[in-house]
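Numbering (this note's numbering), first residue to last: 510 to 895.
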């Protein structure tokens, strides 16, 4: 008798892709084999994203096709996981669960991604590059962002679990790895402080390291992190390239810059999401820096890291964004010279501060126009630093 087959469709970011690899590993530990298409599968998993409405709509759009398959195949199962389910289970009112059940009546299981651990071998697609998750969740609560509601508060994986996974990847011949987290800069902030011994954090191998106390901008508190030390530990393993995603500007420490500069195999591309060049928009977004802060950080990175390239994320059409505020982002693009910008048009996300407090008052036509202005300037013309 042939084995059952699974098929995974993934929407969203690199962290979702890494999560899908863990889901695939869990299936194969149960003797499932991968299907080449939805139609061939016995069990379909949809790993969802809610960062943009467009990504959420894609899930609803799949249901008609899956419904036709389900009519023809007995025991055909549909599981939905990822951010959509994360938001459902974290909604204390239960309203979102009821809404999703009504919108997705064909779904057999809503699986919180937290329940898919790291105990099974991960089914990696690339034999040379591996994603390594170092933390899940986020504590920052930017007003536009649903991630703290879909993935919860930030939880760092234990140091020893990460280094063992990295050692196994090196032994298996992997050449490149990417450390993943919603904000890798704050790795360890959730467990370091309560485990300090005379101001030092003890590692499992008996060494002790001093956490970096990052002073966050705009009067925010200082946080302890051991990400620079973790990045150094991984870089010393001898991989051809070590990358990391994603970093926030407000806690990108001097120690982290120095670590990147010290190890040539740490990626010279730094993804540094700014979201807007306008101080007033950044304040409404609850981003803890100004345009000046961002430019000073970029200058410091470029002064210390040879051949560095910087990319970013931008949102156009945030509620209340005036033409003058948008032009501040255009100005920042000309001053910074990003090699790439991932530009999103603002869409209201349920449960966020922006959804509760701000009217989505920028027209779709204006959002599209601003998108194309920045896309042409940054991604097509490759603007030089002015």
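Note that the Cβ used here is the ideal one computed from N, Cα and C, for glycine as well.
For residue j and residue i, the rounded distance between their alpha carbons
i	j	result
residue 587	residue 788	45 Å
residue 566	residue 575	15 Å
residue 751	residue 687	6 Å
residue 694	residue 845	21 Å
residue 758	residue 878	27 Å
residue 880	residue 559	20 Å
residue 734	residue 779	19 Å
residue 832	residue 638	42 Å
residue 805	residue 722	19 Å
residue 593	residue 707	43 Å
residue 850	residue 657	23 Å
residue 825	residue 868	15 Å
residue 605	residue 858	12 Å
residue 768	residue 785	27 Å
residue 564	residue 662	22 Å
residue 569	residue 613	7 Å
residue 632	residue 535	9 Å
residue 793	residue 644	27 Å
residue 573	residue 875	32 Å
Beta bridge counterpart(s) of residue i as assigned by DSSP
i	result
residue 821	850
residue 688	641 and 753
residue 514	542
residue 784	823
Where the alpha helix (DSSP H) containing residue i begins and where it ends
i	result
residue 719	From DSSP, residue 719 is part of no alpha helix (DSSP H); its letter is neither H nor E.
residue 790	788-794
residue 574	562-581
residue 810	800-813
residue 589	Careful: residue 589 lies outside any alpha helix (DSSP H), inside the beta strand (DSSP E) at 586-591.
residue 844	832-845
residue 866	862-866
residue 883	873-883
residue 612	604-612
residue 657	656-659
residue 759	Segment: none, residue 759 is in no alpha helix (DSSP H) and carries neither H nor E.
residue 680	668-680
Buried/exposed call for residue i, threshold 16 Cβ in 10 Å
i	result
residue 895	In this predicted model, residue 895 has a pLDDT of only 45, less than 50, meaning its place in the structure is not dependable; the value taken from the coordinates is given anyway. Exposed, by the Cβ-count rule.
residue 556	buried
residue 552	buried
residue 741	buried
residue 627	exposed
residue 764	buried
residue 690	buried
residue 660	buried
residue 669	exposed
residue 743	buried
residue 890	exposed
residue 683	buried
residue 808	exposed
residue 525	buried
residue 748	buried
residue 828	buried
residue 650	exposed
residue 546	exposed
Endpoints, beta strand (DSSP E) assigned at residue i
i	result
residue 618	618-620
residue 779	778-780
residue 554	552-557
residue 731	731-734
Distance between beta carbons of residue j and residue i, contact taken as under 8 Å
i	j	result
residue 665	residue 699	5 Å
residue 697	residue 736	7 Å
residue 653	residue 855	7 Å
residue 766	residue 810	6 Å
residue 819	residue 847	6 Å
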